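Shown next, in structure tokens, is the structure this report addresses.
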Amino acid sequence: MEYVNSLIELVGNTPLLRLTRITGEVKPLVLAKVEYLNPGGSVKDRIAVKMIEAAEREGKLKPGGVIVEPTSGNTGVGLAIVAQSKGYHCIFVCPDKVSEDKRNVLRAYGAEVVVCPTAVEPEHPDSYYSVSDRLVRETPGAWKPDQYSNPNNPASHYESTGPEIWKQTEGRITHFVAGIGTGGTISGTGRYLREVSGGRVKIIGADPVGSVYSGGSGRPYLVEGVGEDFWPDNYDRQICDQVIEISDSDSFATTRRLAGEEALLVGGSSGMAAAAAVRLAEQVDDPEAVIVVLLPDSGRGYLTKIFSDDWLARYGFAPRPDAAVRTVGDV
Ligand code: PMP
31 MEYVNSLIEL VGNTPLLRLT RITGEVKPLV LAKVEYLNPG GSVKDRIAVK MIEAAEREGK
91 LKPGGVIVEP TSGNTGVGLA IVAQSKGYHC IFVCPDKVSE DKRNVLRAYG AEVVVCPTAV
151 EPEHPDSYYS VSDRLVRETP GAWKPDQYSN PNNPASHYES TGPEIWKQTE GRITHFVAGI
211 GTGGTISGTG RYLREVSGGR VKIIGADPVG SVYSGGSGRP YLVEGVGEDF WPDNYDRQIC
271 DQVIEISDSD SFATTRRLAG EEALLVGGSS GMAAAAAVRL AEQVDDPEAV IVVLLPDSGR
331 GYLTKIFSDD WLARYGFAPR PDAAVRTVGD V
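Everything in the sequence shown is counted per the numbering used here, starting at 31 for the first residue and increasing by one.
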């Protein structure tokens, strides 16, 4: 019989899928690393396993312990599924702007969700940051993974994502493209690929216009999960050979094309990374080049945003650049 004993064993080993439609006629082979096929639906399952197992080994997380993290999204799901299989309780702190659907996903996995007001300064006692710090201090057996500074976040990618890509491409990868949030994915995967290839593989960051990684001031943008207004410890500032800036409009248009033309229902940060990969592919005049772009999560969490024409229109974006405009009653 072929089966696994724990969902944790299903984390990683995600496939590479060749992109053909959104790339148009480009010389390089463009391959997508499809991370929504992880059991929790995102790349963050990888860091959850590694951070929790390291905390157990280091004695920071003991039987019956409580995981407290300010997160509302993919990291929460990853931590919740690993915690459930190992018998830990999770408390996630999230701002009130996070949708009820996202909170319910975390609750469905057995986590407790504490909601904080968005409209307060970080120093305010009710802020997302203050509440999570207080919960860590006051909860017996509490441990905070802190994905922004925990070295096991990039380490998980150094040990899994990087070697998988190297093996899957038989060492023929020439460029790795990924968005930057905490910096864990690009720093860990990038470091492995740079080392194993003797510096041959180029590491390309993709970043929303306005974010610090591409020289912005931290001004707001709509794509979720990537870009920052500060420099996290987990981002290795030496890792990127190049950072490509992508507008919300390009990120969302590419996200819609990935679903509509490549049948990949993925999130906005995947659209952003894919847009950067296409832009890179257009500049690389080499049929031997192999570009791997990491697509972090599924589009399921964005159905009422990126996949809603009304939502896009409200923010001034065209629903689908290729879609004909049709009104009911037209002849
Ligand atoms: N995309 C999404 C949807 C994410 O949640 C994250 C993590 N914040 C990223 C991309 C970026 O990954 P990393 O934190 O490893 O830089």
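Virtual Cβ for every residue (Gly too), placed ideally from N, Cα, C. Since this is a predicted model, take the numbers as computed values, not measurements.
Bridge partners - Q177, DSSP secondary structure assignment | Listed as beta-bridge partners of Q177 by DSSP are no residues whatsoever.
Taking only the alpha-carbon atoms, compute the straight-line gap between A311 and K92 and give it to the nearest angstrom.
-> Those two C-alpha atoms are separated by around 48 Å.
Along the alpha helix (DSSP H) that carries L342, what are the first and last residues, could you check?
-> Where L342 is concerned, the enclosing alpha helix (DSSP H) stretches over D339 to R344.
Among all the DSSP beta bridges, which residues are the ones paired with V64?
-> In the DSSP assignment, V64 forms a beta bridge with L325.
So, using beta-carbon positions, are E275 and S244 closer together than 7 Å?
-> Taking 7 Å as the Cβ cut-off, E275 and S244 qualify as a contacting pair.
Thinking just about the alpha-carbon of each residue, which of T53, R221 and E86 is nearest to the one in V314?
-> Checked all of T53, R221 and E86; the closest Cα to V314 is T53.
Should T212 be counted as a contact of the ligand PMP given a C-beta to heavy atom distance under 6 Å?
-> Yes, the ligand PMP has a heavy atom inside 6 Å of this Cβ.
Under a Cβ-count criterion, where at least 16 other Cβ atoms within 10 Å of its own Cβ denotes burial, should P45 be classed as buried or exposed?
-> Flag for P45 reads exposed.
Nearest candidate by alpha-carbon position, reference L59, set A149, P184, V323 and Y188 | Among A149, P184, V323 and Y188, the Cα nearest to that of L59 belongs to V323.
L59 - DSSP class collapsed to helix/strand/coil = Shown here, L59 sits in a strand according to DSSP, grouped into three states.
For G298 versus T284, is the C-beta spacing smaller than 7 Å?
-> It is not a contact, given that the beta carbons lie outside the stated cut-off.
So, is D360 buried or exposed, given that buried needs 16 or more other C-beta atoms within 10 angstroms?
-> With a pLDDT of 45 at D360, under the threshold of 50, the predicted position of this residue should be treated as unreliable, though the coordinate-derived value follows. Taking all protein chains shown into account, D360 has fewer than 16 neighbouring C-beta atoms within 10 Å of its C-beta and is therefore exposed.
At a cut-off of 6 Å, is G246 close to the ligand PMP when judged by its beta-carbon and the heavy atoms of the ligand?
-> G246: no, Cβ never under 6 Å from the ligand PMP.
Starting from the C-beta of V107, find all residues in its chain whose C-beta is less than 6 Å away, skip the five residues before and the five after it, and write them out in chain order.
-> Residues of the same chain with a CB within less than 6 Å of the CB of V107, apart from the 5 flanking positions on each side, are G70 in chain order.
Buried versus exposed call for K74 [16 or more other C-beta atoms within 10 Å across all chains shown] = Buried, by the Cβ-count rule.
Buried or exposed: where does R76 fall if 16 or more other Cβ atoms within 10 Å of its Cβ makes it buried?
-> Flag for R76 reads buried.
Return helix, strand or coil for F347, following the three-state DSSP convention.
-> Secondary structure at F347: coil, using DSSP grouped into helix, strand and coil.
DSSP three-state call for A304: helix, strand or coil?
-> Residue state, collapsed to three classes: helix.
Where do the N-terminal and C-terminal ends of the alpha helix (DSSP H) with V239 fall, by residue?
-> Segment: none, V239 is in no alpha helix (DSSP H) and carries neither H nor E.
Between the Cα of V143 and the Cα atoms of Y332, T219, R133 and P152, which residue gives the shortest distance?
-> Taking only the C-alpha atoms, the option nearest V143 is R133.
Would you mind stating whether D316 and K57 have Cβ atoms separated by less than 7 Å?
-> It is a contact, given that the beta carbons lie within the stated cut-off.
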